[in-house]
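Number of protein chains: 2
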Amino acid sequence: MERSRRSRGERAGLSREQIVAAARRTLATRGLAGLSLRAVAAELGVAPNAIYSHLDDKNALLDAVLDDVLTAVRNPSAKNPRRALRTIMVDTYDTLVEHPSLVGAYLTRQGSRGPEAQRLGVIMDDCLDRLGAGGRAGEAGRRTMIVYTIGYAAFATGWTADGEQPLSASRVRRDFLAGLDWLINGIVGPP
Amino acid sequence: MERSRRSRGERAGLSREQIVAAARRTLATRGLAGLSLRAVAAELGVAPNAIYSHLDDKNALLDAVLDDVLTAVRNPSAKNPRRALRTIMVDTYDTLVEHPSLVGAYLTRQGSRGPEAQRLGVIMDDCLDRLGAGGRAGEAGRRTMIVYTIGYAAFATGWTADGEQPLSASRVRRDFLAGLDWLINGIVGPP
DNA sequence: ACCTGAACACCGTTCAAGT
DNA sequence: ACCTGAACACCGTTCAAGT
Chain A
1 MERSRRSRGE RAGLSREQIV AAARRTLATR GLAGLSLRAV AAELGVAPNA
51 IYSHLDDKNA LLDAVLDDVL TAVRNPSAKN PRRALRTIMV DTYDTLVEHP
101 SLVGAYLTRQ GSRGPEAQRL GVIMDDCLDR LGAGGRAGEA GRRTMIVYTI
151 GYAAFATGWT ADGEQPLSAS RVRRDFLAGL DWLINGIVGP P
Chain B
1 MERSRRSRGE RAGLSREQIV AAARRTLATR GLAGLSLRAV AAELGVAPNA
51 IYSHLDDKNA LLDAVLDDVL TAVRNPSAKN PRRALRTIMV DTYDTLVEHP
101 SLVGAYLTRQ GSRGPEAQRL GVIMDDCLDR LGAGGRAGEA GRRTMIVYTI
151 GYAAFATGWT ADGEQPLSAS RVRRDFLAGL DWLINGIVGP P
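These protein sequence lines are chains A and B, in that order. Numbered according to full-length UniProt numbering, the first sequence spans residues 1 to 191. Numbered according to full-length UniProt numbering, the second sequence spans residues 1 to 191.
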């Protein structure tokens, strides 16, 4: 927000975390289209190119934001692996739906690169293992669930189908849950 | 490609179809990032703003391109509705995978607005009706299948998972088919 | 190493003017 | 109605210079 109080060699004390946080504020106020490096820099009170000292480019910033959002998806209880698998997907769905403008980016970009995405992936693999769906079949199953979840979140946030009246969020969520259970049944067998 | 041979009031004989075709050529050569109105205009040999005489804005152009791509998905045989439903989804998947840079846009934008998407939607509804899954349940089922298909195509074209070796297109396609059958079974019941 | 200032090569879109 | 020319308000990114 503040303008350049600094002269040529002065430091702003910037960090990667601060930049990501500023990017999320900018995203919240200005939307995805308004998420420019220049806008984030303005939010931080630095020159536009100052960001390049901490992140490679705009893609790297977007990836960092995407992963940061996944912090909201908590580790599920390890008791029942089938339930944990479902919970992690439902929480992811709810988190994504709260960030409508980002959902598309999750599908097009490498959604599983960041540490948060990796954390969730490890938990899912563990659950699948314990359910007897390890190895290659488990990989495919995990992938299918993730793709399905992000895809449905994308629908929930973006689409209004043709002549049809707009669907309520709760109806869409319910339909998401139904499909999710069909997929889980297919992957690990009926309960 | 050609430059402005025309003087101030001369017509270029542009049409919406020509613009969409030029946009698809530009997309093929320059990618999604290179699909600018200025690039398309250059491809057509007109001024950048000439496009505004035929389309509202860049979003409208992108929507037109997205729908145009779906022309490649043919009407399936009406004999077996369950098979037709599956065929239409598989053809859509294959078509989307052939247009990697567009897949993300299908999920974020209104994918079901254009005439081609509508054509496919009508066929799907008919199949679901004949399989005894009409009404609200059929709507949800259709949506789930579409979301799943586009989502999986997005994965197939964009993702390379974490430490894992890149997956072959045929493996991903096979996994897509498995999940699709689970969903169809869930929606219309086992065969 | 971190940041500023200035520049480069782009964008989408608007508006007046021409036929 | 359709198109050009020119402009406006933006972009991401690079590069030299400063501490």
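Even for Gly, the Cβ is constructed at its ideal location relative to N, Cα and C.
>> In the DSSP assignment, the alpha helix (DSSP H) including P81 (chain B) goes from what residue to what residue?
In response: Segment P81 to V97, the alpha helix (DSSP H) holding P81 (chain B).
> Taking C-alpha atoms, which residue in A:R142, A:S170 and A:S7 lies nearest to Y152 (chain B)?
Replying inline: It is A:R142.
>> For I123 (chain B), would you say it is in contact with chain A, using Cβ-to-Cβ distances shorter than 9 Å as the test?
In response: No, no contact with chain A.
> chain B partners of V69 (chain A), CB-CB under 8 Å?
Replying inline: Per Cβ cutoff of 8 Å: no residues; V69 (chain A) is ~16 Å from chain B at best.
> Buried or exposed: where does Y52 (chain A) fall if 16 or more other Cβ atoms within 10 Å of its Cβ makes it buried?
Replying inline: The residue is exposed, with fewer than 16 neighbouring Cβ atoms inside 10 Å.
> Under 9 Å between the Cβ atoms of L180 (chain A) and M89 (chain A)?
Replying inline: Yes; because the gap between Cβ atoms is below 9 Å, this pair is in contact.
> Taking all protein chains shown into account, do 16 or more other C-beta atoms lie within 10 angstroms of the C-beta of D63 (chain A), making it buried, or fewer, making it exposed?
Replying inline: The residue in question, D63 (chain A), is buried, as its Cβ has 16 or more Cβ neighbours within 10 Å.
> I150 (chain A) versus chain B: which residues are under 7 Å apart at the beta carbon?
Replying inline: Residues of chain B passing the Cβ test: G151.
> Can you tell me where the alpha helix (DSSP H) with E10 (chain B) in it begins and where it stops?
Replying inline: Counting along the chain, E10 (chain B) falls outside any alpha helix (DSSP H), and DSSP gives it neither H nor E.
>> Measuring alpha carbon to alpha carbon, tell me which residue in A:L128, A:I146 and A:G135 is nearest T92 (chain A).
In response: Closest option to T92 (chain A), Cα to Cα, is A:I146.
> Rounded to a whole number of angstroms, what is the C-alpha to C-alpha distance between A12 (chain A) and G45 (chain A)?
Replying inline: CA-to-CA, the gap between A12 (chain A) and G45 (chain A) works out to about 9 Å.
>> Please report the straight-line C-alpha distance between A50 (chain B) and A41 (chain B), rounded to a whole angstrom.
In response: Rounded to whole angstroms, A50 (chain B) to A41 (chain B) spans 7 Å at the Cα level.
>> Taking the alpha carbon of C127 (chain B) as the reference point, which residue from B:T157, B:S168, B:N80 and B:D94 has its own alpha carbon closest?
In response: If we check each option's Cα against that of C127 (chain B), B:N80 comes out closest.
> Count the other CB atoms within 10 Å of the CB of D175 (chain B); is the residue buried (16 or more) or exposed (fewer)?
Replying inline: So D175 (chain B) counts as buried.
> T144 (chain A) touches chain B at which residues, Cβ-Cβ below 7 Å?
Replying inline: Near T144 (chain A) (Cβ distances below 7 Å), the residues of chain B are D175 and G179.
> Is it true that the CB of V97 (chain B) sits closer than 9 Å to the CB of R173 (chain B)?
Replying inline: At a Cβ-Cβ threshold of 9 Å, R173 (chain B) and V97 (chain B) count as neighbours.
>> Against chain A, does R171 (chain B) count as a neighbour if the rule is that its beta carbon must be under 9 Å from one of theirs?
In response: Yes, R171 (chain B) lies at the interface with chain A (some Cβ there is under 9 Å from its Cβ).
> Grouping DSSP H, G and I as helix and E and B as strand, with all else coil, what is R5 (chain B)?
Replying inline: Here R5 (chain B) sits in coil by DSSP.
> In terms of residue numbering, what span does the alpha helix (DSSP H) encompassing A156 (chain B) cover?
Replying inline: Per DSSP, A156 (chain B) belongs to the alpha helix (DSSP H) from G135 to G158.
>> Just to confirm the assignment, what range does the alpha helix (DSSP H) spanning I123 (chain A) have?
In response: It spans P115 to R130 - the alpha helix (DSSP H) in which I123 (chain A) sits, taken as one unbroken run.
> Along the chain, where does the alpha helix (DSSP H) that runs through S170 (chain A) open and close?
Replying inline: For S170 (chain A), the enclosing alpha helix (DSSP H) stretches over residues A169 to V188.
>> Residues of chain A with CB closer than 8 Å to the CB of T108 (chain B), please, in chain order.
In response: Result: V103, G104, A154 and G158.
> Taking C-alpha atoms, which residue in A:D67, A:V20 and A:L27 lies nearest to Q118 (chain A)?
Replying inline: Here the closest residue by C-alpha is A:D67.
>> Rounded to the nearest angstrom, what separates E17 (chain B) and H99 (chain B) at their Cα positions?
In response: Each residue's Cα considered, the two are about 19 Å apart.
>> Assuming T71 (chain B) and G104 (chain A) are in contact, meaning their beta carbons sit under 8 Å apart, how far apart are those beta carbons, in whole angstroms?
In response: Contact between T71 (chain B) and G104 (chain A) is absent: CB atoms are separated by about 23 Å, not below the 8 Å threshold.
> Can you name, in chain order, every residue of its own chain whose Cβ lies under 8 Å from the Cβ of I123 (chain B), other than the five neighbours on each side?
Replying inline: For I123 (chain B), same chain residues with a beta-carbon under 8 Å away, outside a window of 5 residues either side, are N75, P76, A84 and I88 in chain order.
>> I believe K58 (chain A) touches L32 (chain A) by the beta-carbon criterion, under 8 Å. Please report the beta-carbon distance rounded to the nearest angstrom.
In response: Their Cβ separation, rounded to whole angstroms, is 12 Å, which puts K58 (chain A) and L32 (chain A) out of contact at 8 Å.
>> Against chain A, with Cβ distances strictly below 9 Å, would L183 (chain B) count as a contact?
In response: L183 (chain B) has a beta carbon lying within less than 9 Å of a beta carbon in chain A.
>> For a contact defined as C-beta to C-beta under 8 Å, what are the partners of V90 (chain A) on chain B?
In response: Contact of V90 (chain A) with chain B by beta-carbon distance below 8 Å is absent, the smallest such distance being about 15 Å.
> Which residues in the same chain as R6 (chain A) place their Cβ atom closer than 7 Å to its Cβ, once the five residues preceding and following it in sequence are excluded?
Replying inline: Only A12 meet the Cβ criterion.
> Among B:R113, B:E116, B:A78 and B:I150, which residue has its Cα nearest to the Cα of R130 (chain B)?
Replying inline: The shortest Cα separation from R130 (chain B) among B:R113, B:E116, B:A78 and B:I150 belongs to B:A78.
> For G45 (chain B), which three-state DSSP category applies?
Replying inline: DSSP places G45 (chain B) in coil when its eight states are reduced to three.
> Which residues of chain A have a Cβ atom closer than 9 Å to the Cβ of G186 (chain B), listed in chain order?
Replying inline: Per Cβ cutoff of 9 Å: A178, G179, D181, W182, L183, N185 and G186.
>> Please list the terminal residues of the continuous alpha helix (DSSP H) segment that includes R24 (chain B).
In response: Its alpha helix (DSSP H) spans residues R16 to R30.
> If you follow the alpha helix (DSSP H) that D63 (chain A) is part of, which residue opens it and which one closes it?
Replying inline: Here the alpha helix (DSSP H) through D63 (chain A) covers K58 to V69.
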